[in-house]
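**Student:** Each residue of the sequence shown is one higher than the one before, counting from 320 in the numbering used here.
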Amino acid sequence: AAYSLPFPVPDAAAAVRLATELEDRVAGVYSDLVRASSGTRRGTAALALREAAVRAARWRGGSVAFPGLAERSTPSSAPATPQA
């Protein structure tokens, strides 16, 4: 099965944008799971949310105020380049 990409990825810069978007989307799913669960599952989801947010920040070159909450996230003005 193939996945439909949200936009064309013709070059490295677009690939970085795609990686950032995918991590942001994954963070959103984990955020929903944190809100909907409790106990060990909630802790595991919170850890996964943090990890996705860190990966997105590395791809983006900066973090957002509320990872996983698209309605409250505002990307930094840093360029979208991976950090070493």
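From the three backbone atoms N, C-alpha and C, an ideal C-beta is built for every residue, glycine too.
Can you find the residues in the same chain that come closer than 7 Å, C-beta to C-beta, to Ser350, ignoring five residues on each side of it along the sequence?
**Tutor:** For Ser350, where only same-chain residues beyond five positions count, the Cβ hits under 7 Å are Leu368, Gly387, Leu388.
**Student:** In angstroms with no decimal places, state the Cα-to-Cα distance between Ser396 and Glu340.
**Tutor:** Because the pLDDT of Ser396 is 47, which lies under 50, any placement of that residue in the model is unreliable, and the number read from its coordinates should be weighed accordingly. Whole-angstrom Cα-Cα distance: 16 Å.
**Student:** Where do the N-terminal and C-terminal ends of the alpha helix (DSSP H) with Asp351 fall, by residue?
**Tutor:** 331 to 355
**Student:** Taking the straight line between their C-alpha atoms, what separation do you get for Leu352 and Glu342?
**Tutor:** 15 Å
**Student:** Helix, strand or coil for Val328, going by three-state DSSP, please let me know.
**Tutor:** coil
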